[in-house]
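Undergrad: In terms of the numbering used here, the sequence shown opens at residue 85 and continues consecutively.
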Amino acid sequence: MEDSNKSLEILKGNMDWHPEALSKMTPSSLPANEARRTTIVIRLALKAIDSIDYKNDTLAVFASSEGDLDITDKICKSLSTKEKMVSPTLFHNSVHNTPAGYFSIATGIQTASVSLSAGDNTFSAGLIEALTQVLIEKNDVLLVAYDNVIPSNLECFRHFEYPVGIALLLSADKHLDTIGSIEGSVINNQKSVTQCFNKSLEKMRIGNPIGMGLPLIEALVKGASVEIVIPYVNQNQLSIKVNNV
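Below, the structure is given as structure tokens:
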């Protein structure tokens, strides 16, 4: 659901979600040379940020459980040949913070960014990192969480049903366009993990680690006051109290 208006209707529960193939998502914010070097994962991350109005001093947290496994697959194939030649573009795009680098090129923002992974708990880890930075740095923080489907050669290692990208702009202060407030805490009592309010999104929630963040996005879009519970590391959970502002 790349169309923002359609996405809002689905998140509000006014429409059902149905899987659609991703478009090319060519990032218009990048110079042509950089844009042609981008991968689906990079374009997915940048697409998630498209409609967010951030400032030049905004900090950023990029969260992906597996990074760009298409690139990993291609590098492994190259290394299995007699020549063992890896192209500079593949090597450049193989590091976990590549989307953050392209974001910096596209926007000119030179503030610090963090790129992290926590397996199936990547969304909650990314959100905790972003909230911590908001509180400590007293600055706006952009959270970008994304994972693409896995190439067929690596599906025995990992399997995602659908590509998912989520972006949130977090701030310690209320702005005119603020849609809600959140308060997160790590808990060790096992509550029921929150399912999507729009049941058609459940397939996406359980089909990709980043999908765990969908109930939070739904609650913010719907203006609901509710507790969202998502899994976190070491059998803990992240409790997120959402309030309508």
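Glycine included, C-beta positions come from ideal geometry on N, C-alpha and C. Quick caveat, the model's predicted, so the values are computed rather than measured.
#1: Name the DSSP beta bridge partners of Ala147, please?
#2: Using a threshold of 8 Å, state whether the C-beta atoms of Pro115 and Asp204 are closer than that.
#3: If you draw a straight line from the C-alpha of Asn272 to the C-alpha of Gln319, how long is it?
#4: Buried or exposed: which applies to Pro293, given that a residue is buried once 16 or more other Cβ atoms fall within 10 Å of its Cβ?
#5: For Ala147, which residues of its own chain have a beta-carbon under 6 Å away from its beta-carbon, when the five flanking residues on both sides are left out?
#6: From which residue to which residue does the beta strand (DSSP E) around Pro315 run?
#7: If you compare alpha carbons, which of Val305, His102, Ile234, Ser236 is closest to Ile266?
#8: For Trp101, tell me which candidate among Lys139, Lys275, Asn140, Leu285 has the shortest Cα-Cα distance.
#9: Given that a residue counts as buried once 16 or more other Cβ atoms are within 10 Å of its Cβ, and exposed if not, what is Ala105?
#10: Taking the alpha-carbon positions, what's the Gln217 to Val225 distance?
TA: From the atom records:
#1: Leu200, Ala229
#2: no
#3: 7 Å
#4: buried
#5: Cβ neighbours of Ala147 beyond the five flanking positions: Leu200, Thr206, Gly210, Ala229.
#6: From DSSP, the beta strand (DSSP E) with Pro315 extends over 310–315.
#7: Val305
#8: The residue with the shortest Cα to Cα distance from Trp101 is Leu285.
#9: Exposed is the call here.
#10: 7 Å
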